[in-house]
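Worksheet: the structure to be examined is printed underneath.
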């Protein structure tokens, strides 16, 4: 036995999640699956836009969901009572919205001095661009991320859903970092988070290259500055490709062996990356000649057995059916609010000691009202009913 | 006042290349005392660049410098017993050890989790692997390119293309998948550290880089779980020029005098405000563009007309004019734009650090500001190879 305890890491902590759409809810999802009690707070007055589709079912897994109309003063007063019994508060409204509702950090810390308050916005809560209207996929253009992504010589890629889920994980990371600090010092924290800066921080190579060499890094498709062959190669079938990335000379020789190309393996001008980079167009053709009659998964198998990094370029439904994910238990069958069972995802890490992530179906709006207002806040049934009728618990 | 959220937390970075060093850098940003353990040849990222004037130099790789800021560095030849013992001595002082060595590599040298927790029962070991330790791909290799493709990201990042048969899916720039695996390891490690502080129990945790990448597209997986097909990559077959996941916006890139601007006036009110931005052109009342559906059907013509207006203006002017009317609108910034950006300057996003070999450079800092705690973002440059050997191992 490796460890004697398999308690979930965040057991005993309570998170109040006022966030919506993707980034904030994703943070709460990580915290909930790792044992925190996450109470999502929202209102039918302005429903979470993601609740219109299946996405809601994953962004809000393993949470509770209480209805609360914080556009009403009585709703704000109840929100404060919930803050007082919570360890972490998460919000991702436009800058200033939460403050105008009367829920600034100064107010929150009066209710709960050691609260960890995580505020995420597009461009952060200070600076001349703080009020920019931002959607994640559009905001990515502001960050430099898209300027280095695209086909060689082509336009930047238009979108890609990267910023929001990435930020979701980073927000969870920061909440837990602040909780680690709190357990040592007793001190709470306010985190002012900028989604834009998170993405600009993920392209340091480009930022330093510009300073070192005065050039603007350009999109290079699938290619790599240091290695070749490196690309997505056509396989048998419509829109089927296998990604192959040769990162050292051994892998190059293995690739040649699998392709039956002793001539290339024996060519001394191709023995090292420098020479291969000079002739990459020609090598890409040679690889395609071999891959184009193979199934993508079969190409992966042949190459991986020879120690060459390779994998099929999958669309999201083929990811959903991928045999590896099916075998590792990444998906759990969950009975969702429609009464049906759907296979929904878990997390990208596991503990050796048998600690299992808490993976449950997403709640519906108001599902946890009795628990939150009755059990946690001690309100009477009568009061709850009145607040429901007055569209405060709504 | 102590700096950061993790003062007194010691982290050993036994990483190569990107994912584990990035994990350790996240923790260093937060104030942890990070010691990087390299082979005598140095981390492979020292050979990856970018380099000044493209001349490889082990102390001047931009990637290495950025990933290893605010760490101390030692060299150990873990193949030799004396150095392996030195490593175990260091491990005795560590709260978190993060590694991304090949499967079984540390075990084979007597430095696996069982050995580490004998010397330090509460230690947390975070292993970043390509595919985890079970399942058909356990033992397979992966890197940024293959992870980006296998996880479904490459199919989505481009949006629809003219011809999916000749326009391949692509990865994003940089090393996004490997960074993400590092972020996952940092997140899980801090959760394990919290549990250790509460219960005194350490553990080993294993990140599957593949599964971490797949959690980036859970909205798409939900659509599949509910029986929807994957979005087509073919432009003509998409219902609306969507740009990923559940965002189905009428929007895209427009040419400007100095690059591109990205706009998305997706709702009716936003579209009306966008027409105002353009000075209410005559064609704005054309019935071909009267509704969202109509604008989509006549997308090419509409985009041509809007582009005629934007291409006479700079991307920053167009973005500012749009934002003033509350239309989501951004310049497609280059890294040059970022380094001169007033907003980032006011938020002190970039951090200048002087390095004895590479000189003074401005590094991207962190995406967060903490109300109650200063951060140690510029405490030291990335270590020279073996720079702190004497300091760490003097008898």
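Chains as they are written, first to last, in this note's numbering: chain A, 289 to 682; chain B, 52 to 446.
Beta carbons: idealized from backbone N, C-alpha and C, even for Gly.
Remember, it's a predicted structure, so these values are computed and weren't measured experimentally.
With a threshold of 16 other CB atoms inside 10 Å of the CB of residue 217 of chain B, please say whether the residue is buried or exposed.
Working through the second chain from its first residue, we reach residue 217 of chain B at position 166. The residue in question, residue 217 of chain B, is exposed, as its Cβ has fewer than 16 Cβ neighbours within 10 Å.
I think residue 119 of chain B touches residue 76 of chain B, with their Cβ atoms under 8 angstroms apart; what is that distance to the nearest whole Å?
Along the second chain, one-based indexing puts residue 119 of chain B at 68. Along the second chain, one-based indexing puts residue 76 of chain B at 25. 7 angstroms between Cβ atoms; contact.
Which same chain residues, not among the five before or five after residue 223 of chain B, have their C-beta less than 8 angstroms away from its C-beta?
Stepping through the second chain from its first residue, residue 223 of chain B is reached at position 172. Closer than 8 angstroms at Cβ, skipping near neighbours: 199, 204, 208.
Residues bridged to residue 438 of chain A by DSSP?
For this step, residue 438 of chain A is matched to residue 150 along the first chain. Beta-bridge pairing links residue 438 of chain A to no other residue.
Is the stretch 351-362 of chain B touching the stretch 305-313 of chain B in the sense that three or more CB pairs, one from each, lie closer than 8 angstroms?
Short answer: they touch.
Out of A:307, A:314, A:436, which has the shortest C-alpha to C-alpha gap to residue 354 of chain A?
The residue labelled residue 354 of chain A in the question sits at position 66 within the first chain. Nearest of A:307, A:314, A:436 to residue 354 of chain A, Cα basis: A:307.
Since residue 257 of chain B meets chain D, which of its residues come closer than 9 angstroms, beta carbon to beta carbon?
Note that chain D does not occur in the displayed structure, where the protein chains are A and B.
Kindly indicate if chain B contains any beta-carbon less than 8 angstroms away from that of residue 434 of chain A.
Position 146 of the first chain, counted from the start, is the residue given in the question as residue 434 of chain A. Answer yes: the Cβ-Cβ gap between residue 434 of chain A and chain B drops below 8 angstroms somewhere.
If you run the structure through DSSP and keep just helix, strand and coil, what is residue 269 of chain B?
Stepping through the second chain from its first residue, residue 269 of chain B is reached at position 218. In this structure, residue 269 of chain B counts as helix in the three-state DSSP scheme.
If we ignore side chains and look at the alpha-carbon of each, how far apart do residue 148 of chain B and residue 430 of chain A end up?
The residue given as residue 148 of chain B occupies position 97 in the second chain. The residue given as residue 430 of chain A occupies position 142 in the first chain. Computed Cα separation, rounded: 35 angstroms.
Among the residues of its own chain, which have a CB less than 8 angstroms from the CB of residue 437 of chain B, if the five just before and after it don't count?
Here the question's residue 437 of chain B lines up with position 386 in the second chain. Closer than 8 angstroms at Cβ, skipping near neighbours: 89, 91, 124, 125, 126.
If you drop the 5 nearest sequence neighbours on each side, which residues of the same chain put their C-beta closer than 7 angstroms to that of residue 296 of chain A?
Position 8 of the first chain holds residue 296 of chain A. For residue 296 of chain A, where only same-chain residues beyond five positions count, the Cβ hits under 7 angstroms are 322, 323, 643, 646.
For the beta strand (DSSP E) that residue 404 of chain A lies in, which residues bound it at each end?
The residue you call residue 404 of chain A lines up with position 116 of the first chain. It spans 404-409 - the beta strand (DSSP E) in which residue 404 of chain A sits, taken as one unbroken run.
Would you mind reading off the limits of the alpha helix (DSSP H) that contains residue 544 of chain A?
Working through the first chain from its first residue, we reach residue 544 of chain A at position 256. That run of the alpha helix (DSSP H) goes 537-547.
Which chain A residues are close to residue 315 of chain B, counting only those with a beta carbon under 9 angstroms from its beta carbon?
Start at 1 with the first residue of the second chain, and residue 315 of chain B comes out as number 264. Simply 423, 425, 426.
Does residue 292 of chain A pass the burial test, meaning 16 or more other C-beta atoms within 10 Å, or should it be called exposed?
Taking the first residue of the first chain as position 1, residue 292 of chain A is located at position 4. Residue placement at residue 292 of chain A cannot be trusted, given a pLDDT of 43 that sits under 50; the coordinates are not used to answer.
Quick check on the DSSP output: what are the complete alpha helix (DSSP H) runs of length 4 or more inside the stretch 291-355 of chain B, in order along the chain?
Listed in chain order, the complete alpha helix (DSSP H) runs (minimum 4 residues) inside the stretch 291-355 of chain B are 319-328, 343-348.
Any beta carbon from chain A within less than 8 angstroms of residue 227 of chain B's own beta carbon?
For the purposes of this step, residue 227 of chain B is identified with residue 176 of the second chain, where counting begins at 1. Cβ-Cβ to chain A under 8 angstroms: yes for residue 227 of chain B.
Determine contact between the stretch 166-182 of chain B and the stretch 248-257 of chain B, defined as no fewer than three beta-carbon pairs at a distance below 8 angstroms.
Enough Cβ pairs lie closer than 8 angstroms, so yes.
According to DSSP, simplified to helix, strand and coil, what is residue 398 of chain A?
As a position in the first chain, residue 398 of chain A is number 110, starting the count at 1. Helix.
So, do the stretch 408-416 of chain B and the stretch 449-469 of chain A have three or more beta carbon pairs nearer to each other than 8 angstroms?
No: fewer than three Cβ pairs fall under 8 angstroms.
Under 8 angstroms between the Cβ atoms of residue 285 of chain A and residue 601 of chain A?
Lying before the first or after the last residue shown, residue 285 of chain A is absent from chain A, which here runs from 289 to 682.
In angstroms, rounded to a whole number, what distance separates the CA positions of residue 226 of chain B and residue 329 of chain B?
Walking along the second chain from the start, residue 226 of chain B turns up at place 175. Walking along the second chain from the start, residue 329 of chain B turns up at place 278. Computed Cα separation, rounded: 38 angstroms.
Would a check of beta-carbon distances place residue 268 of chain B closer than 8 angstroms to chain A?
Within the second chain, residue 268 of chain B is the residue found at index 217, counting from 1. Judged by the 8 angstroms Cβ criterion, residue 268 of chain B is in contact with chain A.
Which of the three DSSP states, helix, strand or coil, is assigned to residue 514 of chain A?
For the purposes of this step, residue 514 of chain A is taken as residue 226 along the first chain, with counting starting at 1. Coil at residue 514 of chain A, not helix or strand.
How far does the alpha helix (DSSP H) with residue 575 of chain A in it reach, from first residue to last?
To locate residue 575 of chain A, count along the first chain from 1; it is residue 287. Where residue 575 of chain A is concerned, the enclosing alpha helix (DSSP H) stretches over 568-579.
Report the three-state DSSP secondary structure of residue 682 of chain A (helix, strand or coil).
Counting from one through the first chain, the residue named residue 682 of chain A turns up at place 394. Of the three classes helix, strand and coil, the one that applies to residue 682 of chain A here is coil, per DSSP.
Please list, in chain order, all residues of the same chain as residue 297 of chain B whose beta carbon is under 7 angstroms from its beta carbon, the five residues on each side excluded.
Stepping through the second chain from its first residue, residue 297 of chain B is reached at position 246. For residue 297 of chain B, the predicted model reports a pLDDT of 31, less than 50, meaning its position is unreliable and no value from the coordinates is stated.
DSSP has residue 65 of chain B in a bridge; who is on the other side?
For the purposes of this step, residue 65 of chain B is identified with residue 14 of the second chain, where counting begins at 1. According to DSSP, which records beta bridges pairwise, residue 65 of chain B is partnered with B:150.
Along the chain, where does the beta strand (DSSP E) that runs through residue 532 of chain A open and close?
Taking the first residue of the first chain as 1, we reach residue 532 of chain A at position 244. Residue 532 of chain A -> beta strand (DSSP E) spans 529-533.
What residues of chain B sit near residue 490 of chain A, judged by a beta carbon separation below 7 angstroms?
Position 202 of the first chain, counted from the first residue, corresponds to residue 490 of chain A. Within chain B, the residues near residue 490 of chain A are 225, 227, 230.
Please classify residue 331 of chain B: is it buried, with 16 or more other beta-carbons within 10 angstroms of its beta-carbon, or exposed?
As a first step, residue 331 of chain B is located in the second chain; it is residue number 280 there, counting from the start. Per the 10 Å Cβ criterion, exposed.
Would you mind listing the alpha helix (DSSP H) stretches within the stretch 312-358 of chain A that are 4+ residues and don't spill past its ends, in chain order?
Entirely contained in the stretch 312-358 of chain A, the alpha helix (DSSP H) runs reaching 4 residues are, in chain order, 343-347.
Identify the residues that DSSP records as bridge partners of residue 285 of chain A: which are they?
Only positions 289 to 682 of chain A appear in this structure, which leaves residue 285 of chain A out of reach.
Kindly indicate the opening and closing residues of the alpha helix (DSSP H) around residue 460 of chain A.
Mapped onto the first chain, residue 460 of chain A falls at position 172. 451-473 is the extent of the alpha helix (DSSP H) around residue 460 of chain A.
Below 7 angstroms on C-beta distance, what does residue 465 of chain A contact in chain B?
Residue mapping note: residue 465 of chain A aligns to position 177 of the first chain, counting from 1. Those within 7 angstroms of residue 465 of chain A in chain B are 56, 57, 81, 241.
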